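A.B. asks: Chains as they are written, first to last, in my numbering: chain H, 1 to 682; chain B, 1001 to 1682; chain V, 2001 to 2682.
Idealized CB from N, CA, C, for every residue including glycine.
From a predicted model like this one, the values you see are computed outputs, not experimental measurements.
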Amino acid sequence: MGYYQAGQRGGGLRFSAAFYGGDYNPEQWMGDKNWREIWQEDVRLMSKAGVNLVSLGIFSWAALQPAEDRFTFEWLDDIFEMLAEQQIGVCLGTATAAQPSWLSAAYPEVLPMDEKGMRHKPGVRLNYCPTNEDFRRLSQELVRRLAERYGDHRALRLWHVSNEYGPTCYCENCAMRFRDWLKLRYGRLEELNRRWITSIWSRTYTDWEQVRPPSSIGEHSLPALQIDYQRFLSDMNLEGYLGEVAILREVTPHVPVMTNFHGLTRYIDYFAWAPHQDIISWDSYPRHNATPDMAAFHFDLMRSLKSGQPWLLLEQTSSQVQWHQENPLKRPGVMRLQSYQALAHGSNSVMFFQWRQARGGREMYHGAIVSHTGHEHTRVFQEVAQLGAELKLLEPALLETHMQARVALMMSWPNWWAVENRHTPSRYFNYIAELQHYYRALWQRNIAVDIISPDQPLDSYQLVIAPLLTMVSEEQGAAIEQYVKEGGTFLTTYFSGMVDESHRAWLGGYPGPLRRTLGIWVEEFDPLPPGKMNTLFCLRETDDWNGTYSCEHWCDIVHLEGAQALAVFGQDFYAGWPAITEYHHGLGQSFYVATRPDAAGVDMLINMLQSRLGLRAPLLVPPGVEVTCREGKLTAYFLLNHLPETQMIMLPEPMRDVLTRRVYEQDIQLSPLGVAILIPAY
Amino acid sequence: MGYYQAGQRGGGLRFSAAFYGGDYNPEQWMGDKNWREIWQEDVRLMSKAGVNLVSLGIFSWAALQPAEDRFTFEWLDDIFEMLAEQQIGVCLGTATAAQPSWLSAAYPEVLPMDEKGMRHKPGVRLNYCPTNEDFRRLSQELVRRLAERYGDHRALRLWHVSNEYGPTCYCENCAMRFRDWLKLRYGRLEELNRRWITSIWSRTYTDWEQVRPPSSIGEHSLPALQIDYQRFLSDMNLEGYLGEVAILREVTPHVPVMTNFHGLTRYIDYFAWAPHQDIISWDSYPRHNATPDMAAFHFDLMRSLKSGQPWLLLEQTSSQVQWHQENPLKRPGVMRLQSYQALAHGSNSVMFFQWRQARGGREMYHGAIVSHTGHEHTRVFQEVAQLGAELKLLEPALLETHMQARVALMMSWPNWWAVENRHTPSRYFNYIAELQHYYRALWQRNIAVDIISPDQPLDSYQLVIAPLLTMVSEEQGAAIEQYVKEGGTFLTTYFSGMVDESHRAWLGGYPGPLRRTLGIWVEEFDPLPPGKMNTLFCLRETDDWNGTYSCEHWCDIVHLEGAQALAVFGQDFYAGWPAITEYHHGLGQSFYVATRPDAAGVDMLINMLQSRLGLRAPLLVPPGVEVTCREGKLTAYFLLNHLPETQMIMLPEPMRDVLTRRVYEQDIQLSPLGVAILIPAY
Amino acid sequence: MGYYQAGQRGGGLRFSAAFYGGDYNPEQWMGDKNWREIWQEDVRLMSKAGVNLVSLGIFSWAALQPAEDRFTFEWLDDIFEMLAEQQIGVCLGTATAAQPSWLSAAYPEVLPMDEKGMRHKPGVRLNYCPTNEDFRRLSQELVRRLAERYGDHRALRLWHVSNEYGPTCYCENCAMRFRDWLKLRYGRLEELNRRWITSIWSRTYTDWEQVRPPSSIGEHSLPALQIDYQRFLSDMNLEGYLGEVAILREVTPHVPVMTNFHGLTRYIDYFAWAPHQDIISWDSYPRHNATPDMAAFHFDLMRSLKSGQPWLLLEQTSSQVQWHQENPLKRPGVMRLQSYQALAHGSNSVMFFQWRQARGGREMYHGAIVSHTGHEHTRVFQEVAQLGAELKLLEPALLETHMQARVALMMSWPNWWAVENRHTPSRYFNYIAELQHYYRALWQRNIAVDIISPDQPLDSYQLVIAPLLTMVSEEQGAAIEQYVKEGGTFLTTYFSGMVDESHRAWLGGYPGPLRRTLGIWVEEFDPLPPGKMNTLFCLRETDDWNGTYSCEHWCDIVHLEGAQALAVFGQDFYAGWPAITEYHHGLGQSFYVATRPDAAGVDMLINMLQSRLGLRAPLLVPPGVEVTCREGKLTAYFLLNHLPETQMIMLPEPMRDVLTRRVYEQDIQLSPLGVAILIPAY
């Protein structure tokens, strides 16, 4: 989980209004002869669109420091002033996500090396070695100057460190730092050998210098090495982040600091990074054919990273991107609906990448609020401006609300790396999809969900669901057992409890440290080829638990050691053997799902758990309508109609829609893709 | 388009007969103990097959210069004599397409470097850096000796420089030459920064030395860099070509010079190279499942490259190749039909790769006139000999005819690079396929088509079609507008007028410099995922314009600014918006197609244009029969039956078939795969 | 095939019982605090499972030699003693398949270089250059110490050199050794140029130093170079093997020596290696969806490699692997059935990888007899123990039996490389699948088959089938002709007789040196695209030869030169031309199959040949039941039911089942997946 402890927080963010705006890169236009006019037009249009915050400087290093010994802040001073005059705040980037050309030329070892040993060439962004000392020194010098120059500016709201972290490297400096990291983790080389089981294939290290990063043309036989290197890369990026943060907290202790998460970066362990963010922020780019629960899943993760504190939707596109495999336009109303969905899941902002469409470069066809056409008479600008006007209706009290979830989905980065390790018995693991398989069933029932790490306290939850929890430490296993014994409900699935934190197999019977909690022993597992199905038969049927479901991907052969079978397999030589088990342990209960049921099967499972635990949706809504509840000094219900038809929702009491100010006595009609934010009327 | 100007031409080629023959590599047999007999047998069989030209020396560098200081021309002298005695001409290769092993060993930097920085190893062909000075020096020394030795030989007809150009390289010498090339193009580094929009992602160059070739592990974020590097590679290959040409023109000013084009090489801009060819030549290798219009498309491009001058079919296979994904035999009659199709589109030769099948190497299974069996009693030899006999029937006057096209299809290499740039909003662009989509509809109606560059004069055409013209300079836009104003008809499609010649987006509204000509503004575009369809409804229906068609791939959202909608979309939120527009501008008219219609839709478009403009086929023929017309001192109609059934063609006047010498009064029957060359009988 | 001659054999292996056991890696547990107990438990469980042989030391180099100057044999001494006390024998690995980390660090050139020139990094196994002198020296030093220390140990049964050979390398040392190898093969450089046909593309070598290994970024145009480099790699690995073998034969002349084959390694020519094995051994890992004939094919190859001598099944999995694309469990009974299938095809052992499941590393999820659970109360352990008990019932006389095959399938590694060379006219060749296409039809009829090299004597066979024999030397062609003339029956197919041993095309007419034997001339070939079919019509129909069959992939155009057409093509321009021919030559007959018939077509061919030649199955059995016969002092029929239903087999005489000791008078019922080993009862 990284060896950094959260530092001192900058002051919390207070929201007098939802942030609205986007990435603004005025330096892109300084090559234009009428760039001053473009800037003035930008500010005019921002006001027209209701913008109150822009992200500046994200990629401005070359514009701010054209040579190692020369700084040119003047243009940024001007922009700050122009924005401040219009009461537009600034989220100031530290500009370190893309080093200038002169830097790569002067310090070629700044460029990362791939796992085959090939040094990258200058260009693009995030193209640096995360352990390189020259990069650290030069980026920190810039950050100090930025902090000193703008720290007290009236427009400054927030620091935005680098951008969408994720560099990887396998150079000699990284190898050296990796060895240091391992020494901290394991102490002696003998311990590393013991934990990584290097006795296989004569891999035993007899000198620290022999330990190197993994490589497809070198060591790729040790899952433990792979996973530790992934931990290391996350930590080295975090160390780079914290190097900038330390300066910002020193110079501007009053300004909050964060970096933006995006795309569920595989190399960045968000749970390890979250304590070092003053506020969580997220770049949201769902694919055009993603179902709405997939965005919700990410939103809930963001909200959960800091225990339900409001977070920021920092980027989304107003129309389309150019980098997905397929890039159709967002249909009218979709951008608005997606924006409110973020708010419904705890965001306090709606921001876009980017303000004005770039004239060149890789993202020149990425949608923007102001398109290449350049004026405001476009569908997209009008939709953005309409949303900007609406957001002003949100009362500050609404922005201080939180969501309460009694259900947690357990997720962990090292576990992700372990599940999708190429040396498992199945090539068809998709950890995130498996999490979403369970998440979707909860979302469809409008049950609020937190997404938590196995190292977090569980006691505030009625139900914890941990699909594919293959990597479980002794301590994590004990915490889960304690949680169940004290009355919690825990559900896990096949391929769980297989390895410890060093990816050593648990001996003595799967699922290792979860075995006692679940009351089972998994003797064998049968990874099914794609298309091969088995069947689940529910036993002890009730109104809430019945039927037959198909299942796929994997079947465990489970012995009951106290647990009872809730469902059995219908086919193959293990027909009649337990497929879903239930166990009462202490004051709580635990469930084991020995396969991947189809969607209907997972829905029946959640139905049964909802019934047993009395889990409730905030309001009763028809299918396709999403409802969430944010609570604080006031209680707000967010209603989102994801369907192309009007939907009617019955209300338990009269409510007022914040967006229309209308009061609804008994029911409310939501138009296609429509939204309402309801507050009890009296 | 490259900075080379066409040099002095060698004398034009006069055709007393169509060239017939192929690549002949006698040096491949010198390792054989009875090689003299093989050569004598070759010459005997050539006479039997009607051969009058062979390409010699294409890959003979090692045989001509076995060491840097040793030349061995004697064997080539002998071959020249043997051929001359049989009145067989020689197209003499400069032998520089594959350097000898000793050269790569002595000058390792001759070997090219890939974009990751990996130096190639010796071997294969075209395996050299196009800017390498040692390669240039040594190849030019050889060329001078060849020119001096054979320039006055009575068998010499033509110089064939190198072969199928296309080397690419990313070495330090290329980087240096690229910077020089850019300095010529942009002058100051500030201008390059401005044109490439390097302000994105801090890519600004502050020293020329920072500018490097693109790389998948370096700079790949700047479309402008990618496109300029492609221009540069085409130019550097052209510079190498011109280095050889200069010597040939100096020593043998009376002998025409060319190199052969093939496979629509992406890295070689044919329009830039064509002025430097004394005659255009083409290697034709259609896939077995290509429709006949695809070969015709390439033939028409070759003919157009030098304004309709006769060109040479320099290579085709008599039976099959070994390097396509699938390599079935050409069925009996297919080779003959394909040969006449080339003549029908302006070729004055039919030549093959190769004469005698190789005994080893990569192409040992490539078909040849004389197979491994070695004698003439084969189907393939007999078909070749029959065709050789037929070609002798072609009168010289027929070879001095030209084709007249009133329709032009616009094509450009830089535009190709821009359309298929990986950073556009669609991964599914296929520029050549889009050109062929329109070409096919014209071909099916037997309307003659030139294929021209946007930099060529348009005034001789009634109709110019420019699909996917995404890259348009100010000057090109103005020329198109002038053409329309003066009465021309212009049609273009979606994703046109997006960027200037430096791949900067056109601001102020798409389609940029074409907007006034088309009378529209494209506000947005919607790239559709594969399989997603929309519908075109024709408005203002007439006999020549009616119906409903499906369309796919892309839909623009078009505002009419003077233009009228000819068809509208049927689905989605832009249902009812213009899908095809028409605009009268000056004396002419322009059309915009905001999507990709299906084949029937494109056919209806061409039908309407044909009707409005009175475009006519040379003769009326049934579907599946192709007809072209070559005109000069005589008028010849080429009839080609692509179907496996006999077809009857009505004749407007009595005509004589050149191949059978028969006169047909009213009609002619074409047998399956049959051919006729008709000349008015009286 | 390779220039090594078989050395002096170690004494043959005498089998008092079938070997039973598996790979045992006790050093993997020495990091555990209770490792002594684990070892004791291992030995207890081995006895319980009926184990009598374990493979030790396969990957123990690091454990035996933790530094270049330090050896630690003590733990191995202990294991030897513990095993010997329980009468468990040892197959001792030379431990050289994976060098220790210290070795790669001290001698970095031990690491192999890929064909692009990239040096591998330390890690995994088989990660060494097969020509490296340091690797050879150090591995041989270890081998000598092992031989001296354990050569006389009472537990030692067999030496197991390295493991699953197959390293490849393209480094400068390999290039140098390759040149030496070529000098031995070709003598003068001129001869190499002549054989490789380097005159193509100016590839002529003028100095030995110019000759380099093939490379995808260098020379890949010469099939002859590719094939010779594959021969060279097989030979260099063999040289490394023989380096170890020489020491073992010197120090322990009484102990047999072998290495294990696996997976039909493309780079290791088993026919060249077999003479240097004292016994053949095989690691059997059929895919879960492989039909049972595929395992049988490999078993028959193993048996044939040393003329029918018993061989060893050295590895299989008791349950599943983790490295196939799909890794379902072996269903109950499958492991037993597969084990007996090996015995049925001449194996005298059943062994597993591995004894105890690894706790880490790449194969930690590979099945094992003792799973991570660690005790014997598992399905897998019980099945293994049951089989161990059964195998004790096999009489020693049964282990001295051999199989007699009157049919041979011809296979050759260089031919494999030639057929699947990327420069042939078809991308769809799969040599092994084509062999199996014919093998399957023989197997289904329970006709015993040897799999032999074209260099082996043919005179003991009634029928020799040589599919896709594209590479045929003059000598091989003569031997086949001699075989036919003296009464043999020979069948070959399309794409045969194309090239000589240097991959030079045969001139004068395909199929080159087989043409006279077959009485045909193949003028042309037509490689069909996938999905394109033709039809075979049988001519001269009889009860044993009739019908119409589809065929695909390839059609030859065949002229009869004495042969008669047995079937003709039904479609295309060669409809009516011969598709299958028959020729009587001397006392024998030959058949040519000019296409790939479907399975029914091949079955009809084999049916006709079986009928003509009187080939017989050992017993008549229903489809899905396999029967083989091992003969010696006694005659044993192995019956294997591959179906999930009980099958009844009629017996020609009363027989006794070795496994149940029951006598069956007239018939025997085989349960699903059931096995019987029948010996005539009286």
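Taking the alpha-carbon of G361 (chain H) as reference, which of H:L13, H:Q28, H:A18 has the nearest alpha-carbon?
C.D. replies: Numbered from 1 along the first sequence, position 361 holds the residue referred to as residue 361 (chain H). The shortest Cα separation from G361 (chain H) among H:L13, H:Q28, H:A18 belongs to H:Q28.
A.B. asks: Taking DSSP as the reference, what is the three-state secondary structure of H276 (chain H)?
C.D. replies: Residue mapping note: residue 276 (chain H) aligns to position 276 of the first sequence, counting from 1. H276 (chain H): helix per DSSP, three-state reduction.
A.B. asks: Going by beta carbon distance, what residues of the same chain come within less than 6 Å of T1317 (chain B), once the five residues before and after it are set aside?
C.D. replies: Looking up residue 1317 (chain B) in the second sequence gives position 317. The answer, listed in chain order, is G1367.
A.B. asks: Under 8 Å, with one C-beta from each stretch per pair, do the segment 1441–1453 of chain B and the segment 1490–1509 of chain B reach the 3-pair mark?
C.D. replies: Result no; under three Cβ-Cβ pairs closer than 8 Å.
A.B. asks: Identify the residues that DSSP records as bridge partners of Q564 (chain H): which are they?
C.D. replies: If you number the first sequence from 1, residue 564 (chain H) lands on position 564. BP columns for Q564 (chain H) point to H:E582.
A.B. asks: What's the gap between the Cα of K2183 (chain V) and the Cα of L2189 (chain V)?
C.D. replies: For the purposes of this step, residue 2183 (chain V) is identified with residue 183 of the third sequence, where counting begins at 1. For the purposes of this step, residue 2189 (chain V) is identified with residue 189 of the third sequence, where counting begins at 1. K2183 (chain V) and L2189 (chain V): Cα-Cα distance of roughly 8 Å.
A.B. asks: Going by beta carbon distance, what residues of the same chain come within less than 6 Å of R9 (chain H), once the five residues before and after it are set aside?
C.D. replies: Translated into the one-based positions of the first sequence, residue 9 (chain H) becomes position 9. Low confidence applies to R9 (chain H): its pLDDT is 40, below 50, so where it sits in the model is not reliable enough to give any reading.
A.B. asks: Measure the C-alpha to C-alpha separation of A478 (chain H) and N132 (chain H) and round it to an integer number of angstroms.
C.D. replies: On the first sequence, position 478 is the one that residue 478 (chain H) refers to. On the first sequence, position 132 is the one that residue 132 (chain H) refers to. If I take the Cα positions, the gap works out to 39 Å.
A.B. asks: Quick one, are the C-beta atoms of E1209 (chain B) and A105 (chain H) less than 9 Å apart?
C.D. replies: By one-based count along the second sequence, residue 1209 (chain B) stands at place 209. By one-based count along the first sequence, residue 105 (chain H) stands at place 105. Yes, Cβ-Cβ distance for E1209 (chain B) and A105 (chain H) is below 9 Å.
A.B. asks: Give every residue of the same chain whose Cβ lies closer than 8 Å to the Cβ of N2193 (chain V), excluding the five residues on either side of it in the sequence, and list them in chain order.
C.D. replies: Sequence index remark: in the third sequence, residue 2193 (chain V) carries index 193 (1-based). So the list reads S2199, T2204, Y2205, once near-sequence residues are dropped.
A.B. asks: Give the secondary structure of V251 (chain H) by DSSP, where H, G and I count as helix, E and B as strand, and everything else as coil.
C.D. replies: As a position in the first sequence, residue 251 (chain H) is number 251, starting the count at 1. In this structure, V251 (chain H) counts as helix in the three-state DSSP scheme.
A.B. asks: Can you pull the chain B residues whose beta carbon is under 8 Å from the beta carbon of E191 (chain H), in chain order?
C.D. replies: Taking the first residue of the first sequence as position 1, residue 191 (chain H) is located at position 191. Here the premise fails: no neighbours, minimum Cβ distance about 36 Å.
A.B. asks: By the three-class DSSP mapping on this structure, what secondary structure does Y664 (chain H) have?
C.D. replies: Counted from its first residue, the first sequence places residue 664 (chain H) at position 664. Three-state DSSP puts Y664 (chain H) in a strand.
A.B. asks: Closer than 7 Å, Cβ to any Cβ of chain V: which residues of the segment 521–544 of chain H, in chain order?
C.D. replies: The segment 521–544 of chain H vs chain V, Cβ under 7 Å: E523, E524, D526, P527, L528, P529.
A.B. asks: Quick one: list the residues of chain H neighbouring L2329 (chain V), beta-carbon separation under 7 Å, in chain order.
C.D. replies: Position 329 of the third sequence holds residue 2329 (chain V). The contacting residues are E524, D526.
A.B. asks: If we ignore side chains and look at the alpha-carbon of each, how far apart do W1506 (chain B) and Y1165 (chain B) end up?
C.D. replies: Taking the first residue of the second sequence as position 1, residue 1506 (chain B) is located at position 506. Taking the first residue of the second sequence as position 1, residue 1165 (chain B) is located at position 165. If I take the Cα positions, the gap works out to 34 Å.
A.B. asks: Using DSSP with H/G/I as helix, E/B as strand and the rest coil, what is M1236 (chain B)?
C.D. replies: For the purposes of this step, residue 1236 (chain B) is taken as the residue at position 236 of the second sequence. Helix at M1236 (chain B).
A.B. asks: Answer with buried or exposed for R662 (chain H), where buried requires no fewer than 16 other C-beta atoms within 10 angstroms of its C-beta.
C.D. replies: Within the first sequence, numbered from 1, the residue matching residue 662 (chain H) stands at position 662. That one is exposed.
A.B. asks: Please report the distance separating the alpha-carbon of Y4 (chain H) from that of P2100 (chain V).
C.D. replies: Position 4 of the first sequence, counted from the start, is the residue given in the question as residue 4 (chain H). Position 100 of the third sequence, counted from the start, is the residue given in the question as residue 2100 (chain V). Unreliable positioning characterises Y4 (chain H) in this predicted model, as indicated by a pLDDT of 36, which lies under 50. The coordinate reading is nonetheless provided below. Roughly 35 Å between the two C-alpha positions.
A.B. asks: Using a Cβ-Cβ cut-off of 9 Å, state whether R212 (chain H) counts as contacting chain A.
C.D. replies: Looking at the structure shown, chain A is missing, and the protein chains on hand are H, B and V.
A.B. asks: Here's the rule I'm using: 16 or more other beta-carbon atoms within 10 Å means buried, otherwise exposed. How should R14 (chain H) be labelled?
C.D. replies: In the first sequence, the residue the question calls residue 14 (chain H) occupies position 14. Result: exposed.
A.B. asks: For H1324 (chain B), which of V:P2529, V:D2023, V:W2035 has the nearest alpha-carbon?
C.D. replies: What you label residue 1324 (chain B) is simply residue 324 of the second sequence in a count that begins at 1. When only C-alpha atoms are compared, the closest one is V:P2529.
A.B. asks: Is the Cβ-Cβ distance between P2130 (chain V) and P2112 (chain V) less than 9 Å?
C.D. replies: By one-based count along the third sequence, residue 2130 (chain V) stands at place 130. By one-based count along the third sequence, residue 2112 (chain V) stands at place 112. It is a contact, given that the beta carbons lie within the stated cut-off.
A.B. asks: Residue range of the beta strand (DSSP E) that D1023 (chain B) falls in?
C.D. replies: Along the second sequence, read from residue 1 onward, the residue named residue 1023 (chain B) stands at position 23. Run containing D1023 (chain B): 1019–1024, per the beta strand (DSSP E) assignment.
A.B. asks: Okay, do the segment 419–435 of chain H and the segment 368–382 of chain H touch, 3+ Cβ pairs below 8 Å being the bar?
C.D. replies: Contact between the segment 419–435 of chain H and the segment 368–382 of chain H is absent, because fewer than three Cβ pairs lie under 8 Å.
A.B. asks: Starting from M650 (chain H) and walking both ways along the beta strand (DSSP E), at which residues does that stretch end?
C.D. replies: Here residue 650 (chain H) is taken as the residue at index 650 of the first sequence, counted from 1. It spans 647–650 - the beta strand (DSSP E) in which M650 (chain H) sits, taken as one unbroken run.
A.B. asks: In whole angstroms, what separates the C-alpha of W2417 (chain V) from that of P2454 (chain V)?
C.D. replies: By one-based count along the third sequence, residue 2417 (chain V) stands at place 417. By one-based count along the third sequence, residue 2454 (chain V) stands at place 454. Cα to Cα, W2417 (chain V) sits roughly 15 Å from P2454 (chain V).
A.B. asks: Do you know offhand how far N1237 (chain B)'s Cα is from A1098 (chain B)'s?
C.D. replies: The sequence position of residue 1237 (chain B) within the second sequence is 237, counting from 1. The sequence position of residue 1098 (chain B) within the second sequence is 98, counting from 1. Roughly 14 Å between the two C-alpha positions.
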